[in-house]
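Here is the structure we will look at, set down as C-alpha cells.
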Amino acid sequence: MGAQISSMRRIAAGAVAATMLLAGCGGGLGSEAQTVEGPVKIGLLVPQSGVYKSLGDDMKNAWELYLDQHDGQLGGRDVETTLADEGEEASTGQAAAERLVNRENVLAVTGVVSSATMNGVADMFESSQIPLVGSNASPTTLTDVEYIWRTSYVNDEPGKALGEYVADKVDGSVYLLAADYQAGIDEVEGFKETFGPAGGETADEVYTPFPTTTNYQPFLAKIRQSDAKAAFTFYAGGAAVDFVKQFKAFGLDSQADLYSAGFLTEGGVLDAQGAAAEGVLTSMNYNHDLDNEINKEFVAAYEEAYDKKPTTYAMASYDAAKVLDMAIAEAGDDLTSTTLNEAIGGLGDIESPRGTWHFNDIGTPVQMWYLREVQKVDGGYSNVVIDELGTLG
Amino acid sequence: MLDWFDANLVTMVDGVAYGLLLFTLAVGLSLIFGMMDVLNLAHGTLYLIGAYAAYALSDGSWTGLLIALLVGVLAGVAGGGVLAALTQPLAQRGHLDQALLTLGIAFIASDIFSKIFGSEVLPISVPSQVAGSITVFGQVYPVYRLLFIAIAGGLAVMVYLLFERSSLGALVRATVADRDMVRASGVDTRIVMFGVFAFGAALAALGGVLGAPILAPGPSVDETVLVLSLVVVVVGGLGSVTGALLGALLIGQVQTLGVALMPVYAPFLIFGAMLLVLAWRPQGLMSLVARA
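So the sequence lines, in the order shown, correspond to chains F and D. The first sequence finishes on residue 393 if you use this note's numbering, and the numbering steps up by one all the way, no holes. The second sequence finishes on residue 292 if you use this note's numbering, and the numbering steps up by one all the way, no holes.
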C-alpha cells in the first residue's frame with residue numbers, strides 16, 4: 001500500500017514537473033500560465049553582513065518605509081518581500097540571487113550594492129527574464145541589457161559631473177587617488193573624461209589597494225610632494241572615514257581642496273569623520289536638503305522611522321519601490337515578469353525626492369547632479385548643496 | 001640622498017607607529033601559537049574588543065582613555081581566558097580543529113559587535129591635548145601617533161625584558177622548548193600556558209584601545225589585523241618576542257615607506273616581503289638574532 005502511494009506520488013510529481021516545464025516554456029512565449037494573482041513576491045537583495053552592511057540597511061529601511069506608506073501594497077497588489085543577503089563577495093551575492101530567482105520564484109528583484117555582484121548576476125536575470133530594479137550597483141559595462149534597471153546612476157557619473165567644475169575652479173594640478181577596484185577606476189575614468197577636455201591638469205593618478213589599505217600616510221606624502229592644489233578621490237565606507245581623517249591629520253587640507261564622488265561623505269561615514277570632513281566637496285544625485293515637496297515628506301518620514309537622514313542609497317531604494325509600484329499598476333491584471341518589465345520601460349517621468357527623472361535607453365536615470373560641501377549645521381556636520389553640476393544620463 | 005631622507009623621514013616615522021601597532025597584536029599571536037600550540041584565529045576579535053572599549057569609554061579626556069585602557073585590558077584577559085579554556089580540549093586534535101573553533105568564535109563575535117555597535121567604522125576621540133597635528137621634520141604629523149610610538153615602544157621594551165631577561169620569561173621560554181621537562185621539574189605548565197594566553201590577549205586588547213584612533217573599529221577590521229599579524233608572525237618567526245618585533249617593524253616599513261616608493265605595487269608588497277623572508281630565512285627573522 002505504502003509502496004503504491006509512493007509510486008503514485010512519484011508519477012504525480014513527474015506530471016507536475018512536466019507541467020511546470022511546459023508552462024515554463026510557454027511563459028517565455030508570452031503564455032498566461034504565469035500570470036500572478038493575489039500577492040506579488042519581490043526579492044530584496046542587499047548585504048546583511050560584511051563591509052557594505054550599512055548601505056544594505058539604508059536600502060532595506062527605505063524599501064520598508066515605502067511599503068509602510070502604501071499599506072504594504074505596490075500597484076494595488078499586496079507585496080511579500082523576500083530578503084536575501086548579498087554579503088560582500090560576488091559569489092555570495094550570486095548565490096542569493098539564484099535562490100530568489102530559481103527557488104523563491106519572485107516576480108522581480110531589487111537592491112544589489114556591489115558592482116561585482118551586478119556583473120555576476122546580470123546574465124541570469126537577462127536569460128530568466130526577471131526584471132532587476134537595482135538601487136545601487138551600476139558598472140559602466142552594463143549597457144546592453146533589457147531586464148536590468150537602475151534607480152541610482154552609472155558608476156562613472158559622479159566623476160563625470162565634477163570634471164569640468166574642478167578644471168575651472170582649481171588653479172594648479174589635481175591629484176587623482178582612488179580605491180583599486182572597479183568602482184574606483186570607473187569614477188576616475190569618468191572624471192578624466194570631462195576634466196581633460198576642460199583644460200584640467202593632472203598631477204598623478206594612483207590607486208590604493210582595497211580593502212587592505214587603512215593607512216593613507218604614504219599616499220598623502222606623495223600628494224604633498226606633487227604640490228597638487230586639489231585631489232579628486234573615490235572612497236566609500238570605512239575607507240572613506242580613514243581617508244578623510246588622515247587627509248586632515250597630515251595637514252593636506254591646507255595645501256589642497258578635497259573633491260570626491262559623494263560616497264566619501266555619505267551617510268554614517270560623515271558622523272565618524274566629524275570635523276575632519278569640513279569643507280570636503282562632493283558630487284551626488286541627491287541630498288537630504290533638496291528643496292521639493294516629495295523630498296521634504298520623504299526626509300521627515302524617514303527621520304521619524306529611523307532617526308537619521310536618508311542617504312542616496314535609501315533614496316534610490318525608495319525610488320525602486322516607486323518604479324515597481326507604478327509598473328505593477330500599469331501591467332494590471334496581466335501581471336507577469338515580462339509584462340512588468342515592459343511596463344517599467346514605458347514609465348516616463350518619475351517624481352522622486354531627487355526631483356523628476358526618467359530612464360534612458362540603457363536603463364539608468366537621466367537626472368540632475370549637485371555639488372555639495374560639508375558644513376557645520378546645528379552643531380553637527382552635514383552635506384549642503386551649494387551648486388548644480390548639470391544633467392547626466 | 002639627504003633630499004630623499006627629507007622627503008621620506010615622516011613616512012618612516014609613520015612606519016614605526018604602524019609597526020609597533022602590529023607588534024602589540026602579533027606578539028600575543030606568536031607566543032600563543034609558539035607556546036600553547038594553539039592557532040588563535042580569534043586574535044583580531046581581541047583587537048576589536050579593545051577598540052570598541054575605546055569607542056565606548058574614551059570621551060576625549062585622559063580619565064576616559066585610562067578607563068578604556070583598564071576595561072579593554074580586563075576584557076582582553078577575560079577573552080584570553082575563555083579562548084584558552086575552549087581550545088584546551090582540542091589540544092590533541094591538531095590545528096585545523098582549533099582554527100575552526102576560533103574562527104567560528106571570531107564570526108560570532110563580529111556579528112555581536114555589529115549588532116551592538118552597528119556596521120559603520122566608528123570615530124574615536126583622543127584627549128584634546130594630543131588631538132591635533134604638529135610639524136615634524138617640516139611636515140605635518142598627528143600628535144597622537146607620536147604619543148602612540150612612545151607608549152607602544154615602551155611596551156615593546158617591557159615585553160622584551162619580561163620574556164627574554166626575567167626568570168618568569170625563562171620559565172615561559174623553557175615551556176616552549178620542552179614542556180615535559182618543565183612539568184617534570186614540578187611546574188604546573190597549564191598555569192604558565194593560561195597566563196601566556198591571557199597576557200597575549202590583553203596585549204592585543206591594549207593595542208586595540210591605543211590603536212583605535214589609528215585603525216578604527218568596524219566590520220572586518222578583525223580580519224585585517226589578523227592577516228597582518230599572521231604575516232608578522234611568519235616573517236618574524238614563531239614564539240619569539242624579538243622575532244615579532246623585527247617582523248612588525250619590517251612590515252610597518254613595507255606598508256608605509258614601501259608603498260610611498262612603489263605605490264603601483266602596493267597590493268603585492270606585504271606578501272612579496274613575506275615571500276623574500278621565507279626564501280632567505282625560512283625560520284623567520286629571529287633566526288638572525290638567535291645565531292648572533
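All residues carry an ideal CB built from backbone N, CA and C; glycine is no exception.
When DSSP states are grouped into helix, strand and coil, M262 of chain D belongs to the coil group. Beta-carbon to beta-carbon, L55 of chain F and A301 of chain F are separated by about 20 angstroms, too far to satisfy the 8 angstroms threshold.
DSSP places T233 of chain F in the uninterrupted beta strand (DSSP E) bounded by A230 to F234. The straight-line gap separating the alpha-carbon atoms of K160 of chain F and R372 of chain F is approximately 15 angstroms. For L168 of chain D, the number of other beta carbons within 10 angstroms of its own is below 16, and it is reported as exposed. In the structure shown, the three-state DSSP call for E205 of chain F is strand. The beta-bridge partner set that DSSP reports for Y141 of chain D consists of D:I134.
Not flagged as an interface residue toward chain D: V244 of chain F, since no C-beta distance is shorter than 7 angstroms.
Within the DSSP secondary-structure output, T391 of chain F pairs in a beta bridge with F:M368. In this structure, the CA atom of D6 of chain D is about 22 angstroms from the CA atom of F148 of chain D. Of all residues in the region 205 to 222 of chain D, only L215, A216, G218, P219 and S220 come within less than 7 angstroms of chain F when Cβ atoms are compared, listed by chain position. If the five residues before and after V188 of chain F are omitted, its C-beta is found closer than 6 angstroms to the C-beta atoms of L176 and A178, all from its own chain and listed in chain order. Assigned with DSSP and collapsed to three states, I185 of chain F falls in helix. Distance from S317 of chain F to A108 of chain F at the Cβ level is roughly 14 angstroms; contact not present, criterion being Cβ atoms closer than 8 angstroms. With three or more CB-CB distances shorter than 8 angstroms, the region 278 to 295 of chain F counts as touching the region 360 to 377 of chain F. Taken through DSSP and simplified to helix, strand or coil, E373 of chain F comes out as strand. Your pair A239 of chain F and T213 of chain F checks out as a contact, with CB atoms roughly 7 angstroms apart and the cut at 8 angstroms. Runs of beta strand (DSSP E) with 3 or more residues, each lying fully within the region 252 to 309 of chain F, are found at 257 to 261 and 281 to 284, listed in chain order.
Close to D57 of chain F, with beta-carbon spacing below 8 angstroms, are these residues of chain D in chain order: S119. Under the three-pair Cβ rule at 8 angstroms, the region 337 to 344 of chain F does not count as touching the region 45 to 59 of chain F. Take K248 of chain F, set aside five residues on each side of it, and the residues of its chain with a beta-carbon closer than 6 angstroms to its own are A276, in chain order. Residues of chain D with a Cβ closer than 8 angstroms to the Cβ of F250 of chain F are, in chain order, S133, Q139, V140, Y141 and P142.
Note that the region 217 to 228 of chain F touches the region 7 to 25 of chain D; at least 3 beta-carbon pairs, one per stretch, sit closer than 8 angstroms. For H95 of chain D, same chain residues with a beta-carbon under 6 angstroms away, outside a window of 5 residues either side, are L39 in chain order. Following the DSSP letters along the chain, one finds S352 of chain F inside the beta strand (DSSP E) bounded by residues I350 to S352. Identification of residues in the region 292 to 307 of chain F having a C-beta nearer than 8 angstroms to some C-beta of chain D yields an empty set. If you draw a straight line from the Cα of G258 of chain D to the Cα of A204 of chain D, it comes to about 25 angstroms. At a C-beta separation below 7 angstroms, A260 of chain D has these neighbours in chain F: P218, A221 and K222. For S54 of chain F, at least one C-beta of chain D is nearer than 7 angstroms to its own C-beta.
Residue nearest to K296 of chain F within the set F:M315, F:L281, F:G163 and F:A90 is F:M315 (criterion: CA-CA distance).
In the three-state reduction of the DSSP assignment, S125 of chain D falls in the strand class, which pools E and B.
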